[in-house]
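The numbering of the sequence shown is full-length UniProt numbering, which starts it at 1 and goes up by one.
Idealized CB from N, CA, C, for every residue including glycine.
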Amino acid sequence: MFRFVSVRWKIAGLLFGVVLVITGLDAWLVPERAAQAERESITERARATAAMLSESVVAPLEFDQDDSAAEVMRVALADRLVEWAAVYRANGERVTVVGDGNPPRTMRMRDEPQDVSASESLVVVAAPVARGNNDAIGTVAVALRSTAIARRREETRGWIAMQGLGVAIVGLLASFVFATRMSSQMQRMARAAEQIARGDVSSNLALSHSNDELGEMATAFERMNDRLRELQQGAVRVADGDLTGSIGGDGELFVAFRRMLDSLRSLTQRIGTSSDAVASASAGMFSAVREQETLATQQTASLEEIRRTLETLAAAADAVARDAQAVHEMSGRTLESSTRMADQTRLVSAHSDRIGEILSLIQDIADRSDLLALNAALEGTKAGEVGRGFSLVAAEMRRLSEHVMDSVRDIRKLVADMRAASHASVLATEESTKLARDAAAAAAKISDAVNRHQEGTSQAKSAADEVVRAVNESLTGSAATTRSAESLLQLSHELKQAIQAFRVASAELPRDHRSGR
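Here's what the structure looks like:
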């Protein structure tokens, strides 16, 4: 991670560095150019002085008047820069010298003015001395002090340094003020971005506008905040159940929001339709379960009657057994007893038939319960997560129906055995009637028949007890199923009320939603 450095210091540092580079280049180039200009100025001054002196010393040099030539040359010393001035003959011999310098003793004759030498201390220029016909008769040399060149260079360097320092200070202050203004605007935009990142788009952004890129950025931030506020208000309306609104805009975010609204409207309509279907199915199932519970109660009463009948039959069988034991003593009453026993046996057969009919009714009820549970499971699957609990109840109901059908098959087998026993008892009774006269011989057979009849009656009674317990269990399961169906019906009504809380455009709602059903 890089250490945070404010943009104001970056801009100020950049501008200050540029100023320092420019000042350094000026301090390197400008003094040299100023020195060169000063050198050219002194050289031109020396040339003018040499030209003037060459014209003035023509006569003294032509007539060999050295003193006059010296007087003429002293005029040049009026210039404070002249170090020395000298006159040379055509053969290069020095004639006279004025000033404090040490000019060369000889100098070849020049045809035109030209620079002889130039250094940091002296600039020497020579000019020919010519008659009127341009015949050269000598040379004038003038040396000017050039220390001003170095002084000019140093002065220029110092002035540039002071100027650069002033410009750097002014530029630093100006750049700091400008960068501070820019940084303040950027900080406000950063705070606005943090505010938007936190999800706070309810208030206006306190941004200043300017006629530059930062002003355009501030305007763009405010437009973004306004559009996000529209999205936030739309989301609040959706959270309150109002799905009638719409959001404008061409961006992907607004398109996605409109797609979400369309999906919510479609989902609300589908859930409303499904809730009506679930409510209708729940009401039908509740009625069916109520009917099944009523039938189970009736079955219980019928089976209780069968059980009491079997108890009576068992008591009669005991009585027959006691009568059989006394057959030897009551041979005269054997025929009457056999007849009564035949009647009781036929009654048992009739009850057996009744039990068969009841078992057929139980089988039909179990089949209907299994079909009803299957339909309920399908409706629960269609209801999705809301019908999950109802599907579990339906599965339990199917399991109980299958258990009842298994019990019915067992009871049918027992009833068949009981019928067979009753039939055998009838045959034995008829045989006993026929052999009533031979009481002694038939007594043993009667006793055996009575014992078999008593055993069959006990089995029938046990089977009846099993049927009663199975029916009671079915009744308990039916009560639980009734409560579950009632709960599912209540939940379906609550779901429908929750769906009706959403406000959707009336043209998009199903007819039953608009009518409030």
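On the criterion of 16 or more Cβ atoms from any shown chain inside 10 Å, does Asp-64 qualify as buried, or is it exposed? exposed
Cβ-based burial, Asp-410 [other Cβ within 10 Å; buried from 16]: exposed
For Arg-130, which residues in the same chain have their Cβ closer than 6 Å to its Cβ, ignoring the five residues on either side in sequence? Checking the sequence shown, residue 130 turns out to be Ala, not Arg. Taken in chain order, the residues that qualify are Ala-136.
Tell me whether the region 147-160 and the region 28-41 touch, counting them as touching only if at least three CB pairs, one residue from each stretch, are closer than 8 Å. yes
Can at least three beta-carbon pairs, one atom from the region 38-52 and one from the region 165-175, be found at a separation below 8 Å? no
Run of the beta strand (DSSP E) containing Gly-384, from where it starts to where it stops: Where Gly-384 is concerned, there is no enclosing beta strand (DSSP E), given that its DSSP letter is neither H nor E.
Beta-carbon within less than 8 Å of Ala-507's beta-carbon, same chain only, minus the 5 sequence neighbours each way: which residues are those? Here Ala-507 scores only 41 on pLDDT, less than 50, and its place in the model should not be relied on; the value that follows carries that caveat. So the list is empty, once near-sequence residues are dropped.
Distance CB(Glu-83)-CB(Ala-143) smaller than 8 Å: yes
Since I believe Gly-456 is in contact with Ser-422 (beta carbons under 8 Å), could you give me their beta-carbon distance rounded to a whole number of angstroms? 7 Å
Determine which residues share a DSSP beta bridge with Leu-347 and list them. None; Leu-347 has no bridge partner.
By Cβ distance, which residues of its chain are closer than 7 Å to Ala-283, with the 5 residues on each side in sequence left out? Leu-489
In its own chain, which residues sit with a C-beta less than 6 Å from the C-beta of Ala-383, not counting the 5 before and 5 after it? Val-278
Can you tell me whether Gly-380 is buried or exposed, with buried defined as 16 or more other CB within 10 angstroms of its CB? buried
Just confirm the distance between the C-beta atoms of Arg-94 and Ala-86, as a whole number of angstroms; I'd bet it's less than 8 Å. 6 Å
Once the 5 residues before and after Ser-352 are set aside, which same chain residues still bring their CB inside 8 Å of it? Val-415, Met-418, Arg-419, Ser-422, Ala-460
As assigned by DSSP and simplified to three states, the class of Val-404: helix
Would you call Ala-296 buried or exposed, if buried means 16 or more other Cβ atoms sit within 10 Å of its Cβ? buried
Use the C-beta contact count for Gly-132: other C-beta atoms within 10 angstroms, 16 or more gives buried, fewer gives exposed. exposed
Cα separation between His-513 and Ala-197? Any answer about His-513 is weak, because its pLDDT of 40 lies below 50 and its placement is not dependable; what the coordinates show is given next. About 40 Å.
Within the continuous alpha helix (DSSP H) that includes Glu-71, where are the two ends? 66-74
Under the three-state reduction of DSSP, which class applies to Arg-511: helix, strand or coil? Its pLDDT being 39, under 50, Arg-511 is placed unreliably in this model, and the coordinates cannot settle the point.
At a Cβ threshold of 8 Å, is Arg-157 touching chain B? Among the chains in the structure shown there is no chain B, since it carries only a single protein chain.
Boundaries of the beta strand (DSSP E) in which Glu-83 is found, first to last residue: 82-89
If distances are taken between C-alpha atoms only, which option among Thr-476, Ala-377, Val-18, Ala-376 comes closest to Leu-165? Val-18
When the Cα of Asp-370 is compared with those of Lys-413, Met-285, Leu-427, which residue comes out closest? Met-285
Check Arg-419 in the structure and name its three-state DSSP category. helix
With 16 other Cβ atoms within 10 Å as the buried cut-off, status of Gln-344: buried
Find out if the Cβ-Cβ distance for the pair Val-57, Val-75 is shorter than 8 Å. no
Would the region 480-487 and the region 261-272 be scored as touching if the rule is three or more Cβ pairs under 8 Å? no
Considering just the uninterrupted stretch of the beta strand (DSSP E) at Ala-126, what are its terminal residues? 122-130
Please return the same chain residues whose Cβ sits closer than 8 Å to the Cβ of Ala-69, not counting the five positions on each side in sequence. Val-57, Pro-60, Leu-61, Val-87, Val-95, Thr-96
DSSP three-state call for Val-393: helix, strand or coil? helix
Using CA coordinates, which residue listed in Ser-54, Glu-38, Asp-100, Leu-81 is at the minimum distance from Ala-90? Ser-54
Would you mind giving the Cβ-Cβ distance between Ser-175 and Ile-11, rounded to the nearest angstrom? I have them listed as a contact below 8 Å. 5 Å
Counting only the same chain and skipping the five closest in sequence on each side, list residues whose C-beta sits under 6 Å from that of residue 546. Since the first residue of the chain shown is 1 and the last is 517, residue 546 is not available in this structure.
Cα-Cα separation between Arg-346 and Thr-429, rounded to whole angstroms: 10 Å
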